[in-house]
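Peer 1: First residue of the sequence shown? That's 94 in the working numbering, and the numbers climb one at a time after it. All C-beta atoms in this analysis are idealised placements derived from N, C-alpha and C, irrespective of residue type, glycine included.
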Amino acid sequence: MFSSENVIRLYMDSMSENRLLEVFKHYLDDTISPEELAFLFEWMKGKGFEGDLDEVLTAAFANPALAEPGAPEDKEEVWAALADRMREERRPFIRRWLVTSLSAAAAVLLVGGYLLWHKGSPALAPQAQTPAAATTAPAKAFDAPPGIKGATLTLANGSVVSLDPGAADHLPDQQGSARLSRNGHQLVYAAGATGAALYNLLKTARGREYTLVLSDGTKAWLNAGSSIRFPVQFEGNRREVEVTGEVYFEVATEKDKPFVVRSGGVETTVLGTHFDVMSYSDEPRTEVTLLQGSVRVNGTLLTPGEQANVSRETGALVKADADGKRVTAWTRGLLDLDNGDFGALMRQISRWYDVDVVFEGMPKGVHIGGLVHRDVRLSMLLGYLADNGVHYKTEGKTITILP
Numbered sequence: 094m095f096s097s098e099n100v101i102r103l104y105m106d107s108m109s110e111n112r113l114l115e116v117f118k119h120y121l122d123d124t125i126s127p128e129e130l131a132f133l134f135e136w137m138k139g140k141g142f143e144g145d146l147d148e149v150l151t152a153a154f155a156n157p158a159l160a161e162p163g164a165p166e167d168k169e170e171v172w173a174a175l176a177d178r179m180r181e182e183r184r185p186f187i188r189r190w191l192v193t194s195l196s197a198a199a200a201v202l203l204v205g206g207y208l209l210w211h212k213g214s215p216a217l218a219p220q221a222q223t224p225a226a227a228t229t230a231p232a233k234a235f236d237a238p239p240g241i242k243g244a245t246l247t248l249a250n251g252s253v254v255s256l257d258p259g260a261a262d263h264l265p266d267q268q269g270s271a272r273l274s275r276n277g278h279q280l281v282y283a284a285g286a287t288g289a290a291l292y293n294l295l296k297t298a299r300g301r302e303y304t305l306v307l308s309d310g311t312k313a314w315l316n317a318g319s320s321i322r323f324p325v326q327f328e329g330n331r332r333e334v335e336v337t338g339e340v341y342f343e344v345a346t347e348k349d350k351p352f353v354v355r356s357g358g359v360e361t362t363v364l365g366t367h368f369d370v371m372s373y374s375d376e377p378r379t380e381v382t383l384l385q386g387s388v389r390v391n392g393t394l395l396t397p398g399e400q401a402n403v404s405r406e407t408g409a410l411v412k413a414d415a416d417g418k419r420v421t422a423w424t425r426g427l428l429d430l431d432n433g434d435f436g437a438l439m440r441q442i443s444r445w446y447d448v449d450v451v452f453e454g455m456p457k458g459v460h461i462g463g464l465v466h467r468d469v470r471l472s473m474l475l476g477y478l479a480d481n482g483v484h485y486k487t488e489g490k491t492i493t494i495l496p
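This is how it looks when you write it as structure tokens:
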């Protein structure tokens, strides 16, 4: 629909980096120098370029002056088709960088894809495949955007308030002042006068995440498909909350008032510390991972770097060593692919991208590893899995994993 030169020009204007166009061209014709490659890496470290690029695509499709015969007519088709193009790319530069910055590789290939397309590739759409060997939907390339900041808040009186982007930036009055942060991505409760206990419920759907500051100053990060029930003001000699899904806590220290988290039959007690609780109903166990301080999980003491695994079926608790930074990678906008459990990985993908995953088999002899940004589109991530030997087919919002 639009010229590659116009796309690149618009993109360069949006990034305010005149140097990038020349570097991209050198990358595409394999003449990129070590200095230019270092420059490209530095640019990739920046955040927000995928959003900028999406805005450029939207503007380009809305501008009839940029139209070209025979080019794709749908922005989503462009994103998904370029993901297929990415799977075809075998340059070592992309292969090395993909594991740690998939969205950066996508940005390079999005610009590069248009240049390659205009160099002679007749179409960006994926080729049709037989259902048995399909890795994308045969009729139209499959894709989904990443999750966003958003949640719902259920107040003590039962009323429900949306905290998604674009929702009203105020909350109904209730005992214990609560407010939204300026950017709308954080809910903050202030300490106030005590009184009758009022409980609120903060809940993230699939494809959502959110941050909460409780009245004692404790911070809680909710992953997709999670919830926390908490008092507007803490009363008595214990601070108690209930969670489902996955929540990371940085607990404010109050020596005389332990902080208690209840999750799936597991009780975690702390005074002031940093820890992660993962207790999704579709996972076989509840995991409590300690990063700082100390906690007791059903009476068992953990020290930093340890994880308590509590079987959902039997209630048995097993302690193990754990890398807290990897466990909490999601709080820093990263998806950890190297957890040794492919089923658990696909359930993470299901929650974050709001898609369903069905298993007709499990990949054999496949090792998926590394960290990727959670702001990449699903097609990019599926392309990486396919490159590593994972076979799948798609229909609607369902991904079926094949043997």
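What distance in whole Å lies between the Cβ atoms of Leu-305 and Leu-315, which are believed to be in contact at a cut-off of 8 Å?
Peer 2: As a position in the sequence shown, residue 315 is number 222, starting the count at 1. As a position in the sequence shown, residue 305 is number 212, starting the count at 1. Contact holds; Cβ gap of about 7 Å.
Peer 1: Given a cut-off of 8 Å on the beta-carbon distance, is the pair Gly-386 and Val-353 in contact?
Peer 2: Within the sequence shown, the letter at position 293 stands for residue 386. Within the sequence shown, the letter at position 260 stands for residue 353. For Gly-386 and Val-353, no; Cβs fall outside 8 Å.
Peer 1: What's the call for Tyr-83, buried or exposed, on a 16-neighbour Cβ count within 10 Å?
Peer 2: One cannot answer for residue 83 here, as it falls past the ends of the chain, which runs 94 to 496.
Peer 1: Does DSSP put Ala-313 in a helix, a strand or coil?
Peer 2: For this step, residue 313 is matched to residue 220 along the sequence shown. Residue state, collapsed to three classes: strand.
Peer 1: Can the beta-carbon of Arg-470 be found closer than 8 Å to that of Pro-258?
Peer 2: Walking along the sequence shown from the start, residue 470 turns up at place 377. Walking along the sequence shown from the start, residue 258 turns up at place 165. Not closer than 8 Å, so no.
Peer 1: Roughly how many angstroms separate the alpha carbons of Gly-357 and Val-403, rounded to a whole number?
Peer 2: As a first step, residue 357 is located in the sequence shown; it is residue number 264 there, counting from the start. As a first step, residue 403 is located in the sequence shown; it is residue number 310 there, counting from the start. C-alpha separation (whole angstroms): 9 Å.
Peer 1: Given this structure, state the Cα-to-Cα distance separating Tyr-446 from Thr-337, to the nearest angstrom.
Peer 2: Along the sequence shown, one-based indexing puts residue 446 at 353. Along the sequence shown, one-based indexing puts residue 337 at 244. Approximately 19 Å between the Cα atoms of the pair.
Peer 1: When DSSP labels each residue in this structure, what does Gly-338 get in the three-state scheme?
Peer 2: The sequence position of residue 338 within the sequence shown is 245, counting from 1. If DSSP states are grouped into helix, strand and coil, Gly-338 belongs with the strands.
Peer 1: Do you know how far the Cα of Ala-313 is from the Cα of Leu-294?
Peer 2: Position 201 of the sequence shown, counting from 1, holds the residue named residue 294. Position 220 of the sequence shown, counting from 1, holds the residue named residue 313. Those two C-alpha atoms are separated by around 13 Å.
Peer 1: Whether or not the stretch 422 to 433 and the stretch 392 to 406 are in contact is what I'm after, with contact meaning three or more pairs of Cβ atoms, one per stretch, closer than 8 Å; do they touch?
Peer 2: Flag = no, the stretch 392 to 406 and the stretch 422 to 433 do not touch.
Peer 1: In three-state terms, what does DSSP make of His-484?
Peer 2: Counting from one through the sequence shown, the residue named residue 484 turns up at place 391. DSSP places His-484 in strand when its eight states are reduced to three.
Peer 1: In angstroms with no decimal places, state the Cα-to-Cα distance between Asp-375 and Asn-330.
Peer 2: As a first step, residue 375 is located in the sequence shown; it is residue number 282 there, counting from the start. As a first step, residue 330 is located in the sequence shown; it is residue number 237 there, counting from the start. Distance between the alpha carbons of Asp-375 and Asn-330 is about 33 Å.
Peer 1: Can you say whether Asp-369 is buried or exposed, counting buried as having 16 or more other CB atoms within 10 angstroms of its CB?
Peer 2: In the sequence shown, counting from the first residue as 1, residue 369 sits at position 276. Answer is buried; the Cβ neighbour count reaches 16.
Peer 1: Enumerate in chain order the residues of its own chain whose CB-to-CB distance from Asp-431 is below 8 Å, with the five nearest sequence positions on each side excluded.
Peer 2: Working through the sequence shown from its first residue, we reach residue 431 at position 338. Only Arg-419, Ile-461, Gly-462, Gly-463 and Leu-464 meet the Cβ criterion.
Peer 1: Give me the residue from Lys-490, Glu-335 and Ile-321 with the minimum Cα distance to Asp-236.
Peer 2: If you number the sequence shown from 1, residue 236 lands on position 143. The candidate whose alpha carbon is nearest that of Asp-236 is Lys-490.
Peer 1: Is Lys-296 closer than 8 Å to Thr-245 when the C-beta atoms are compared?
Peer 2: Position 152 of the sequence shown, counting from 1, holds the residue named residue 245. Position 203 of the sequence shown, counting from 1, holds the residue named residue 296. Closer than 8 Å, so yes.
Peer 1: Mind checking Met-473: buried by the 16 CB within 10 Å criterion, or exposed?
Peer 2: Walking along the sequence shown from the start, residue 473 turns up at place 380. Met-473 should be labelled buried.
Peer 1: If you follow the alpha helix (DSSP H) that Val-448 is part of, which residue opens it and which one closes it?
Peer 2: One-based indexing of the sequence shown puts residue 448 at position 355. Neither: Val-448 is in no alpha helix (DSSP H) and is coded neither H nor E.
Peer 1: To test your reading of the DSSP string, which unbroken beta strand (DSSP E) runs of 3 or more residues are found completely within the stretch 344 to 387?
Peer 2: Fully enclosed beta strand (DSSP E) runs of 3 or longer: 352 to 356, 359 to 363, 367 to 372 and 378 to 385.
Peer 1: Consult DSSP for Ala-401 and reduce its assignment to one of helix, strand or coil.
Peer 2: Counting from 1 along the sequence shown, the entry for residue 401 is found at position 308. Strand at Ala-401.
Peer 1: Classify Thr-393 as helix, strand or coil using the three-state DSSP reduction.
Peer 2: Counting from 1 along the sequence shown, the entry for residue 393 is found at position 300. It is a strand residue.
Peer 1: When you compare each of Pro-397, Leu-248, His-484 and Glu-333 to Lys-457 by their alpha carbons, which one comes out closest?
Peer 2: Taking the first residue of the sequence shown as 1, we reach residue 457 at position 364. Considering only alpha carbons, the answer is His-484.
Peer 1: Tell me Lys-457's beta-bridge partners as DSSP assigns them.
Peer 2: By one-based count along the sequence shown, residue 457 stands at place 364. The partner list for Lys-457 (beta bridge, DSSP) is empty, contrary to what the question assumes.
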